[in-house]
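Visitor:
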Amino acid sequence: MDLKTLQDHPTLGFVDWTLRGIGQVVFQNNMLTGIVILIALFYNSWIYGSICILGAVVGTLTAILLKADKGLIKDGLFGFNGALVGLALVAFTSESFRTGAVPSAYMVAYIVFAAAFTSILFSSLATLLGPHKVAALTMPFVLTGWLFLFAVLKFDSIHAGPLAKPISPDQFPATAPYNLPTWYMGIGNAIGQIFFQDNWISGYIIVAGIAINSRISALMALIGAGLAALVAVIFGGPEGAIRDGLFGYNAALTALALGGFFLVLTPASFLYTLFGVVVTTWLWASVAIFLKPIGMPVLTSTFVVVTWAMLIGQYGFKALVPVPPAEATTPEDNLRRYHGTHT
Amino acid sequence: MDLKTLQDHPTLGFVDWTLRGIGQVVFQNNMLTGIVILIALFYNSWIYGSICILGAVVGTLTAILLKADKGLIKDGLFGFNGALVGLALVAFTSESFRTGAVPSAYMVAYIVFAAAFTSILFSSLATLLGPHKVAALTMPFVLTGWLFLFAVLKFDSIHAGPLAKPISPDQFPATAPYNLPTWYMGIGNAIGQIFFQDNWISGYIIVAGIAINSRISALMALIGAGLAALVAVIFGGPEGAIRDGLFGYNAALTALALGGFFLVLTPASFLYTLFGVVVTTWLWASVAIFLKPIGMPVLTSTFVVVTWAMLIGQYGFKALVPVPPAEATTPEDNLRRYHGTHT
Amino acid sequence: MDLKTLQDHPTLGFVDWTLRGIGQVVFQNNMLTGIVILIALFYNSWIYGSICILGAVVGTLTAILLKADKGLIKDGLFGFNGALVGLALVAFTSESFRTGAVPSAYMVAYIVFAAAFTSILFSSLATLLGPHKVAALTMPFVLTGWLFLFAVLKFDSIHAGPLAKPISPDQFPATAPYNLPTWYMGIGNAIGQIFFQDNWISGYIIVAGIAINSRISALMALIGAGLAALVAVIFGGPEGAIRDGLFGYNAALTALALGGFFLVLTPASFLYTLFGVVVTTWLWASVAIFLKPIGMPVLTSTFVVVTWAMLIGQYGFKALVPVPPAEATTPEDNLRRYHGTHT
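Chains as they are written, first to last, in the numbering used here: chain A, 3 to 345; chain B, 3 to 345; chain C, 3 to 345.
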């Protein structure tokens, strides 16, 4: 069956949109990418895999009920923030961050409301950012995640353990030496951490899933995570935080967004992307240290802030070629169209 | 004398605008509502009643001096943020939150500047939000309140006691059982807390004041406060915080805004409103816990954030019928006009 | 040689743009002002003087490489945020705030990235604020400064001492009496603190530099710093903080921006400016106390917030005459043009 047909199928379409929603976390409007990502999650923990589906389903369903734009729904754009907020709420309230815990009925209700709220926030941010031709990115997830995570710690019906996961570089010992696993585990984990997976093999499976849709994007994810590790090593970041991929998951997303997806890939935009990756890496450390006293994780906030600044800012720079969100498909397609119009 | 005539009266007009300003806190452009609200405040404490008038007068006067839009002034839109910031500054610097304390001359000067600043911020936010057809709501009050409350604690000339009022759910004992007063006092107090009145009878007087202008709005305020209490009970929020109306005052405002005022009341928008009330309730707890370490109260921030998100977001949803701020009068009028155009 | 010619010179032009960039910190598009400010900095510390040049050069160079608008570059608008962020990063990581310390190679790399990022943020904010005819002011510096300052404290390769400088009024003894130096040193220091110079003589040299380009602006800077000191004295602020100019540097900038530069100087706008100065002074104390627990300085955040609010807000007020950023040159020119069109 043609994949495009599935997207327009009256009943099975919903499955397609949900899977695309999972792929959209890493900018891949492709249901196969979504399936491979789910495999990566289930490989690490069936709980995370199921929650990811739940979040994407609720986000997409909310948009359908509220009669949002059909095109956006079909491209999975109402699913990825819901998936992420579900994963975050489970990850930061479970005793084991690694595997997650089966949420209580209260917690499930909470996740459903949170995932639904991301769809409203997505529409809200899309309206506000529309005139500036910039996408909402994962900001709906970040805002909803922060707001819902705080409250969860104080309701009697939801038993949240203490945060099981270090959320800031200064919670790691500063003396461990860098070695080979720092690099190959650090890069894999960074990709995994985008989905809250503390599992470097899951990370590389996700890279493979991205490569199905765009090899440039897959390469960018690796470059982003790798450069982040390099910057952290040069500036003496703690080995444990680097190996865990904490310095790199925001940086990998910045590389995905700027590296060919929202900007046509040229030598200038590649340098611009590397600059963004370095800044994102530093800012992750900055925001992590800022948020630690109140016990909040960074989520993907620094990726969003840096990418917004660099994408809105570039409209004042002639050295770069922007791709409006509505036209951004894959780096390869963007390049093809750009060279088509320019030859 | 015709009430409309009073609004246009050369000298008495100012009294009318100020009273409407007090009514506008709960979205009622009606001087009688303003009078009843003042009665509710004076019933609890003459200090709060007087400060409420002072704040509304200063806010309105500032707008007149700066030659703001006459229509906005006459509808009381420059008064409600000033009234609230005056009440907040007194409430959180008095030894008794319940009755407030007569402010010093320094404090009065401070309140006057703060109330005047809300009018500037109101105009500023109205300009920024104009293109998105969303009102500034009480954001001028929230921002001014936070900024001015902090400084007040450190000037020698203003003797601020320690915050007399618990501002976060985790400051209440977690063990008290829920009972009947949890409900009827909790709902009344929630309406009262909109005006910083720790008095459930004042709360119900305010509901009566709202009903003069709109029965749907009065009902929505009760539904918002009631559903907030229900959500807090289900999720095990502390009884004391529920009975004090803390979970409910933001939720009641969200219900007033979304329930027929800025959205035509339909089954879909009613469900949307209930969703917003639930989210507002959780987020109040969230923001309260977030702000507690720095000693700041939530004020009406979660109402504004959720309502903004849901009103801006709904422009992407066809399931809802928006009412632009300039046309929003009462839920009843909105319904009438909507059915007028659609029959 | 004509100064205008220098601005357009193919090779020496860059020197001119950089010097204007330094002048633009205090709204003076004038290379001579830039030179006098540099003299004031070198008089206090050659390290700060050099870092100021570095920051302005990097900011301007980034804009050239990214092919930003030539007119903005030539007016020095990509230099002033870079200069400030360089100064801030050195000031708050040196053992002696007064003289600064020569930064390490790591730190220099860090400053270069930070200064470059301010140019991207400047373009970003200019895009967002464009429709509202308000300038980005020093917000790129404030945001970059905060984000980069935090991370710096946790990288092994950058040895940051504990903040050498009190950043909040409550870190000063509350008992010291006010005396003459409170005033003349306080006002001079306030101007100096705009550039992180704890040196009141440098402050007055900077005022002289401003006066070269605009006597009204020079007077406004003094009025802003003086009124801030007066407000702080009346409300019992600590003498040490007043003498150090901490209450006044944001207030001086607000006075420069509102006092004739972005609003035509009239009796009404002068009162509006004084109001803004008072509010800025209080809010500096407020934000300082808010940020102290996380160890962050206020930078020029309260100047930006108050000035934005008052400039965006005034578009709703007919009592004031705005000057769009693109046309704002000097208070004198603004007056001349205004009277030209109105006679």
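No residue lacks a Cβ here, since even glycine has one placed at the ideal position from N, Cα and C.
Provide the residue(s) that pair with B/F319 in DSSP beta bridges, ordered along the chain.
Guide: Looking at the DSSP assignment, B/F319 forms a beta bridge with A/A70.
Visitor: Have a look at C/I208 and C/F143 and give me their C-alpha separation to the nearest angstrom.
Guide: Distance between the alpha carbons of C/I208 and C/F143 is about 20 Å.
Visitor: Quick test of the definition: if touching needs 3 or more C-beta pairs under 8 Å, does the region 78 to 97 of chain A touch the region 53 to 62 of chain A?
Guide: Touching, yes.
Visitor: When Cβ atoms are compared, which residues of the region 131 to 144 of chain C fall closer than 7 Å to chain A?
Guide: Cβ contacts with chain A come from no residue of the region 131 to 144 of chain C.
Visitor: On the DSSP bridge assignment, give the partners of B/L265 in chain order.
Guide: B/L265 is bridged to B/P324.
Visitor: Is DSSP giving B/V59 helix, strand or coil here?
Guide: The answer is helix: DSSP assigns B/V59 an H, G or I state.
Visitor: So what's A/Q30 in DSSP terms, helix, strand or just coil?
Guide: A/Q30 falls in the coil class under three-state DSSP.
Visitor: Any Cβ of chain A within less than 8 Å of the Cβ of B/M298?
Guide: Judged by the 8 Å Cβ criterion, B/M298 is not in contact with chain A.
Visitor: Kindly indicate which residue of A/T283, A/A270, A/V266 has the alpha-carbon position closest to the one of A/D335.
Guide: Ranking the options by Cα distance to A/D335, first place goes to A/V266.
Visitor: For the region 251 to 266 of chain A against the region 220 to 228 of chain A, do three or more pairs of beta-carbon atoms, one drawn from each stretch, fall closer than 8 Å, so that the two count as touching?
Guide: Counting Cβ pairs under 8 Å, three or more are found: they touch.
Visitor: By a C-beta neighbour count over all protein chains shown, 10 Å radius and 16 as the cutoff for buried, is C/D18 buried or exposed?
Guide: With 16 or more Cβ atoms within 10 Å of its Cβ, C/D18 is classed as buried.
Visitor: Give me the chain C residues within the contact set of B/T129, using Cβ-Cβ distance strictly less than 8 Å, ordered along the chain.
Guide: By Cβ distance, chain C contributes H134, I314, G315, Y317, G318.
Visitor: Please confirm if C/S216 has its CB atom under 8 Å from at least one CB of chain A.
Guide: Answer no: the Cβ-Cβ gap between C/S216 and chain A never drops below 8 Å.
Visitor: Expressed to the nearest angstrom, what Euclidean distance is found between the alpha-carbon atoms of B/M3 and B/Y108?
Guide: Unreliable placement is indicated for B/M3, whose pLDDT of 46 sits below 50; the coordinate value is still reported in the next sentence. Going from the Cα of B/M3 to the Cα of B/Y108 covers about 40 Å.
Visitor: Could you check where the alpha helix (DSSP H) with A/E329 kicks off and where it finishes?
Guide: Taken as a continuous stretch (DSSP letters only), A/E329 belongs to no alpha helix (DSSP H), as it is neither H nor E.
Visitor: Does B/G23 pass the burial test, meaning 16 or more other C-beta atoms within 10 Å, or should it be called exposed?
Guide: Result: buried.
Visitor: Exposed or buried, what is B/L285 when buried is set at 16 or more other beta-carbons lying within 10 Å of its beta-carbon?
Guide: Buried, by the Cβ-count rule.
Visitor: Can you give, in chain order, each stretch of the alpha helix (DSSP H) that sits fully within the region 178 to 206 of chain B and has at least 4 residues?
Guide: Within the region 178 to 206 of chain B, the complete alpha helix (DSSP H) runs of at least 4 residues are 182 to 195.
Visitor: Cβ closer than 7 Å: which chain C residues qualify as neighbours of B/L56?
Guide: Here the premise fails: no neighbours, minimum Cβ distance about 18 Å.
Visitor: How many whole angstroms separate the CB atoms of C/G188 and C/S204, which I take to be in contact at a CB cut-off of 8 Å?
Guide: Contact doesn't hold; Cβ gap of about 14 Å is too wide.
Visitor: Suppose only complete runs of 4+ residues qualify. What are the alpha helix (DSSP H) ranges in the region 234 to 281 of chain B, listed by chain order?
Guide: Here the runs fully enclosed are 241 to 245, 251 to 258.
Visitor: Flag this pair as touching only if the region 127 to 136 of chain C and the region 315 to 333 of chain C have three or more C-beta atom pairs under 8 Å; answer yes or no.
Guide: Taking 8 Å as the limit for Cβ pairs, the verdict is that the region 315 to 333 of chain C does touch the region 127 to 136 of chain C.
Visitor: Can you pull the chain A neighbours of B/V281, defined as C-beta to C-beta under 8 Å?
Guide: Those within 8 Å of B/V281 in chain A are F115, F119.
Visitor: Note down, in chain order, each residue of its chain lying with its Cβ closer than 7 Å to the Cβ of A/D77, except the 5 sequence neighbours on either side.
Guide: R22, N31.
Visitor: Smallest Cα separation from C/T184: which of C/A243, C/A153, C/L149?
Guide: Closest option to C/T184, Cα to Cα, is C/A243.
Visitor: If the cut is a Cβ gap below 8 Å, which residues of chain A does C/F152 touch?
Guide: Simply A287, S288, V289, I291, F292.
Visitor: Identify which residue in A/I66, A/W48, A/S47 has its Cα closest to the Cα of A/P12.
Guide: The shortest Cα separation from A/P12 among A/I66, A/W48, A/S47 belongs to A/I66.
Visitor: For a contact meaning CB atoms closer than 8 Å, what does C/D71 contact in chain A?
Guide: Correct list: G318.
Visitor: Relative to the alpha-carbon of B/Y251, which residue among B/G15, B/V27, B/T7 has its alpha-carbon at the smallest distance?
Guide: Considering only alpha carbons, the answer is B/V27.
Visitor: Leaving aside the five residues before and after C/I75 along the sequence, list all residues of the same chain whose C-beta is less than 8 Å from its C-beta, in chain order.
Guide: Here the set comprises W19, T62, A65, I66.
Visitor: Could you list which residues in chain C have their beta carbon closer than 9 Å to that of B/L68, in chain order?
Guide: Near B/L68 (Cβ distances below 9 Å), the residues of chain C are A270, Y274, G315, Q316, G318, F319, K320, A321, L322.
Visitor: Could you work out which residue in C/Y45, C/V136, C/D246, C/P240 is closest to C/A178 when comparing CA atoms only?
Guide: Checked all of C/Y45, C/V136, C/D246, C/P240; the closest Cα to C/A178 is C/P240.
Visitor: Is the region 106 to 126 of chain C touching the region 293 to 302 of chain A in the sense that three or more CB pairs, one from each, lie closer than 8 Å?
Guide: Touching, no, given that fewer than three Cβ pairs across the two stretches are closer than 8 Å.
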